[in-house]
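Peer 1:
Chains as they are written, first to last, in the numbering used here: chain A, 1 to 250; chain B, 1001 to 1613.
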């Protein structure tokens, strides 16, 4: 169970990215977050694993006050929260294996890992996860040799290495073509169901939301403007979320 | 959001006025600059200066590369001093060569004599030499000449001195030309020797400078440092731990080094001791579970591993101390044995001696860094986890101690630097007062509040780098020459210092330019700060680091050519000498060598850079 209450983020330059956002996500739910660019989707996801520190409000993850942990405790919390990104964020000049193994950094002995030594179980786990996302043949390639879809699969494998309870996906398919987008989303959904992972995924397109989301929350200028089932978004609500000018295309 | 000052709307008249004002101000600045830099036409147009400049230019144009085989041919003509009643010319011939001297006598040093010749070797330089009468055979050069394309010449000269005799006196007309290269000139040999020294000097400075600047570049990269924040208690317990660690490491190593003499100074015993100690160190790491477990460790197992590593390190350090004693003897012996490759032996001897001298400081520094890390981690975790009251107490105690240590250190430095010689007033009392004030101030601080340590470190390190970088190596070398003597060693130190500062800044800018995405992704996995650097930063900065290192090596070669002007050895040292002795032809050889080396390295490094990037 993840509970967000009155979450507010004001950046140093005065921009209010999130404005008293509250919602709950039960374990294992596939929650989609929609909204225009700049509506606060990315900020929201990054507040949960504290890549960004919220200004006010609370985030509770089971009994842990995720919004206020620091130091060692924060590291331990982060390692159970996987994250995938729009730009994949792989380390280009490292191999696929190294990229995937880096998902274990929160678990292993720091000194050994920095000398390039990982437990054999972790290497086996990396192989298994690469097979799971069907890209095991690229294990020794450099990450920058992969195509966009392949990179995102590696990104998912890396997140899976964290044995995550929560997975944050920040527009994971926005840089991919529609066919690949569906394939990645299907994979994500399937893995989430198999491993009982809570997923928070931000998306642009409503058709993806309606096809994959268990539930949807919508942000507009940092405020929560809708919360409910994907098919409850009708034309009126659509215009609330995306503005009066918007046309439905998806 | 960037806020830009709103541009004022000026009327066209005012704008024209402003433009005129700017032009006038610029004109004034430039005219003053011309006066201030003493630009004038009087000096350069003065004939004597022009002549000198042309002479230097011509000498530079004829670099003294080689020694030549020469052929000399001479013939004589006679002259009378003083003149008799009848003044006439005289002519002599030898084979095809004919010389005519008119008049053939001189009574004063003012009389102009004319010598013409024909049938000589075309376009050849020659010398007129007078053999003054007297018991001691001496000669005096009168003037030089150069024959034209037909082998003719005509010169005017005056006798430098009048030595009246009854007999005619001999004037020798000598031609001299080069028939072939017989070898390298002394200037060329010195140049080769010194240009090698220059390149090696630059190599050492670049290598050491690069290694030192890498860690510095991380702590002076804003993007890595600005997120680093610690509670006050963590910072202060880190400071205290750093001092304890440094002091402990230094004392321990000194003890180990003096301990290496306990077994006597026999080399065999020393060597045996070293072998036993290394074996013990290796054994303590190998027996039992692996020290570097790849798994996450419990505090207990981490402590045990730490203890074993510490034990092995102590054993290995004293092993190295033993080995260094042997190494000094062995190195000197090897140096004698190897003859021309004796430098290998000298290197071992030097390395061994360096270890014995520098090890306490280095080990102290490393241990200090480790205890700093542990101390601040302890402070951080304690303050964040403990309840408010003990956390506050820890903050107060740590801050008091930390401030006292800092004040003590600063006071001791001032006391030493200005030779105040009053340690009590400058260390103990200020430390007590400072510690007390610090502790009192800490009582009013929220213990969990994060201090921007990262940003402070960044600012301090960057400022120091900027200061060091803004002073040229030529200035440093003068200082270093005082310490280590004039020569290439001073040059190496000066260039190294400047390289650390310059590369530290360039490197850290590369760290700041990395793409943030991977760093964010690695952070999200729960990685520690060091893991983030190793897994997200380093892979991204390898190519630019190599490129900048090459670029710096290039700069260092160029700098090391002039560093000799300040006493730093290398080609600059002999070039400065040649210029001061007005040996422009020799100087020309050196300048050409510099141009070739710098040009070649420039080309190579740009080739390598273009392949890496």
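Even for Gly, the Cβ is constructed at its ideal location relative to N, Cα and C. Source: prediction; values computed, not measured.
Sorted by chain position, which residues of the same chain lie with C-beta nearer than 6 angstroms to residue 1427/B's C-beta, five sequence neighbours on each side aside?
Peer 2: Reading the second chain from its first residue, position 427 is the one you call residue 1427/B. Around residue 1427/B: 1408, 1411 and 1412.
Peer 1: For residue 1553/B, which residues from the same chain have a beta carbon less than 8 angstroms from its beta carbon, with the 5 sequence-adjacent residues on both sides left out?
Peer 2: Here residue 1553/B is taken as the residue at index 553 of the second chain, counted from 1. 1202, 1203, 1206, 1601 and 1605, listed in sequence order.
Peer 1: Checking contacts by CB at 9 angstroms: is residue 165/A closer than that to chain B?
Peer 2: The residue given as residue 165/A occupies position 165 in the first chain. Closer than 9 angstroms: no.
Peer 1: Below 8 angstroms between beta carbons is the criterion; list the residues of the segment 89-115 of chain A that meet it against any residue of chain B, in chain order.
Peer 2: Taking 8 angstroms as the Cβ-Cβ cut-off, the segment 89-115 of chain A approaches chain B at 89, 90, 91, 92, 93, 94, 98, 102, 103, 104, 105, 106, 107, 108, 109, 110, 111, 112, 113, 114 and 115, given in chain order.
Peer 1: Residue 1423/B CB to nearest chain A CB: under 9 angstroms?
Peer 2: On the second chain, residue 1423/B is found 423 positions in, with the first residue counted as 1. It does not; no Cβ of chain A falls within 9 angstroms.
Peer 1: With burial defined as no fewer than 16 other Cβ atoms inside 10 Å of the residue's Cβ, what is the status of residue 1/A: buried or exposed?
Peer 2: Your numbering for residue 1/A matches position 1 in the first chain. By the neighbour-count rule (16 or more Cβ atoms within 10 Å), residue 1/A is not buried but exposed.
Peer 1: Return yes when the C-beta of residue 1247/B is under 8 angstroms from any heavy atom of the ligand FMN, and no when it is not.
Peer 2: Only the bare structure without any ligand can be found here, which leaves the ligand FMN out of the picture.
Peer 1: Residue 202/A lies in the beta strand (DSSP E); which residues open and close that run?
Peer 2: Looking up residue 202/A in the first chain gives position 202. Where residue 202/A is concerned, the enclosing beta strand (DSSP E) stretches over 198-203.
Peer 1: Can the beta-carbon of residue 169/A be found closer than 9 angstroms to that of residue 202/A?
Peer 2: To locate residue 169/A, count along the first chain from 1; it is residue 169. To locate residue 202/A, count along the first chain from 1; it is residue 202. Yes; because the gap between Cβ atoms is below 9 angstroms, this pair is in contact.
Peer 1: Determine, using beta carbons only, whether residue 43/A comes closer than 9 angstroms to chain B.
Peer 2: Within the first chain, the letter at position 43 stands for residue 43/A. For residue 43/A, the answer is no, since every Cβ of chain B falls outside 9 angstroms of its Cβ.
Peer 1: Using only alpha-carbon positions, find the residue among 55/A, 48/A, 35/A and 27/A that is nearest to residue 16/A.
Peer 2: Counting from 1 along the first chain, the entry for residue 16/A is found at position 16. Residue 55/A is the option with its Cα nearest to residue 16/A.
Peer 1: Rounded to whole angstroms, what is the Cα-Cα separation between residue 1054/B and residue 1563/B?
Peer 2: Position 54 of the second chain, counting from 1, holds the residue named residue 1054/B. Position 563 of the second chain, counting from 1, holds the residue named residue 1563/B. If I take the Cα positions, the gap works out to 28 angstroms.
Peer 1: Taking C-beta to C-beta, are residue 1241/B and residue 1375/B nearer than 9 angstroms?
Peer 2: Numbered from its first residue, the second chain carries residue 1241/B at position 241. Numbered from its first residue, the second chain carries residue 1375/B at position 375. In contact: residue 1241/B and residue 1375/B (Cβ atoms closer than 9 angstroms).
Peer 1: In chain A, what lies closer than 7 angstroms to residue 1531/B by C-beta?
Peer 2: On the second chain, position 531 is the one that residue 1531/B refers to. The CB of residue 1531/B comes closer than 7 angstroms to the CB of 105, 110, 113 and 114 in chain A, given here in chain order.
Peer 1: Using a Cβ cut-off of 9 angstroms (strictly closer), state whether residue 162/A contacts chain B.
Peer 2: Stepping through the first chain from its first residue, residue 162/A is reached at position 162. Answer yes: the Cβ-Cβ gap between residue 162/A and chain B drops below 9 angstroms somewhere.
Peer 1: Kindly list, in the order they appear in chain B, the residues whose Cβ is closer than 7 angstroms to that of residue 72/A.
Peer 2: Translated into positions along the first chain, residue 72/A becomes position 72. Simply 1381.
Peer 1: Could you check if residue 1325/B is buried or exposed, using at least 16 other CB atoms within 10 Å of its CB as the buried criterion?
Peer 2: Walking along the second chain from the start, residue 1325/B turns up at place 325. Its Cβ being crowded by 16 or more others within 10 Å, residue 1325/B is buried.
Peer 1: Could you check the C-alpha separation between residue 957/B and residue 1508/B for me, to the nearest Å?
Peer 2: Residue 957/B lies beyond the residue range present for chain B, which begins at 1001 and ends at 1613; the question has no answer from this structure.
Peer 1: Check the Cβ of residue 1548/B against every Cβ in chain A and list those closer than 8 angstroms, keeping chain order.
Peer 2: By one-based count along the second chain, residue 1548/B stands at place 548. Here the premise fails: no neighbours, minimum Cβ distance about 17 angstroms.
Peer 1: List, in chain order, every chain B residue whose beta-carbon is nearer than 9 angstroms to that of residue 83/A.
Peer 2: Within the first chain, numbered from 1, the residue matching residue 83/A stands at position 83. Neighbours of residue 83/A on chain B, chain order: 1520, 1521, 1524 and 1525.
Peer 1: Would you please verify whether the beta carbon of residue 1257/B is less than 9 angstroms from any beta carbon of chain A?
Peer 2: In the second chain, residue 1257/B corresponds to position 257, counting from 1. No, residue 1257/B lies away from the interface with chain A (no Cβ there is under 9 angstroms from its Cβ).
Peer 1: Keeping to the same chain, check which residues put their C-beta closer than 6 angstroms to that of residue 82/A; ignore five residues upstream and five downstream.
Peer 2: Indexing the first chain from 1 puts residue 82/A at position 82. Only 159, 162, 164 and 167 meet the Cβ criterion.
Peer 1: In angstroms with no decimal places, state the Cα-to-Cα distance between residue 1369/B and residue 1446/B.
Peer 2: If you number the second chain from 1, residue 1369/B lands on position 369. If you number the second chain from 1, residue 1446/B lands on position 446. Using only the alpha carbons, I get a separation of about 27 angstroms.
Peer 1: Whole angstroms are fine: how far does the CA of residue 10/A sit from the CA of residue 1002/B?
Peer 2: Looking up residue 1002/B in the second chain gives position 2. Looking up residue 10/A in the first chain gives position 10. Only weak support is given to the placement of residue 1002/B: the predicted model assigns it a pLDDT of 43, under 50, and the question is left unresolved by the model.
Peer 1: Measuring CA to CA, which of 111/A, 87/A, 215/A and 67/A is closest to residue 198/A?
Peer 2: Here residue 198/A refers to the residue found at position 198 when the first chain is read from its first residue. Nearest C-alpha to residue 198/A: 215/A.
Peer 1: Once DSSP output is grouped into helix, strand and coil, what is the label at residue 244/A?
Peer 2: Sequence index remark: in the first chain, residue 244/A carries index 244 (1-based). Coil at residue 244/A, not helix or strand.
Peer 1: Span of the alpha helix (DSSP H) holding residue 1591/B?
Peer 2: For this step, residue 1591/B is matched to residue 591 along the second chain. Counting along the chain, the alpha helix (DSSP H) containing residue 1591/B begins and ends at 1584-1612.
Peer 1: For residue 74/A, collect the residues of the same chain with a Cβ closer than 8 angstroms to its Cβ; drop the 5 residues on either side in sequence, then sort them by chain order.
Peer 2: Within the first chain, residue 74/A is the residue found at index 74, counting from 1. Closer than 8 angstroms at the Cβ level, and outside the excluded window around residue 74/A, lie 50.
Peer 1: For residue 1483/B, does the count of other Cβ atoms within 10 angstroms reach 16, so buried, or fall short, so exposed?
Peer 2: By 1-based counting over the second chain, the position of residue 1483/B is 483. By the neighbour-count rule (16 or more Cβ atoms within 10 Å), residue 1483/B is not buried but exposed.
Peer 1: Tell me, please, whether the CB atom of residue 1448/B is closer than 9 angstroms to any CB atom in chain A?
Peer 2: Locating residue 1448/B in the second chain gives position 448, where the first residue counts as 1. So, interface residue.
Peer 1: Applying the 10 Å Cβ sphere with the 16-neighbour rule, what's the burial state of residue 1011/B?
Peer 2: Taking the second chain and counting its residues from 1, one reaches residue 1011/B at position 11. That one is exposed.
Peer 1: Between which residues of its own chain and residue 1315/B is the CB-CB distance below 6 angstroms, once the five residues before and five after are set aside?
Peer 2: What you label residue 1315/B is simply residue 315 of the second chain in a count that begins at 1. Here the set comprises 1277, 1280 and 1281.
Peer 1: Under the rule that 16 or more other beta-carbon atoms within 10 Å means buried, what is residue 1380/B, buried or exposed?
Peer 2: As a working note, residue 1380/B is residue 380 in the second chain. So residue 1380/B counts as buried.
Peer 1: Quick one: Cα of residue 1311/B to Cα of residue 1304/B, how far?
Peer 2: If you number the second chain from 1, residue 1311/B lands on position 311. If you number the second chain from 1, residue 1304/B lands on position 304. About 11 angstroms.
Peer 1: So does the segment 1496-1505 of chain B actually touch the segment 1205-1224 of chain B, counting three or more Cβ pairs closer than 8 angstroms?
Peer 2: yes
Peer 1: Can you tell me the Cβ-Cβ gap for residue 1625/B and residue 1158/B, rounded? I've got them flagged as a contact below 8 angstroms.
Peer 2: Any property of residue 1625/B remains undetermined from this structure, which presents chain B solely from 1001 to 1613.
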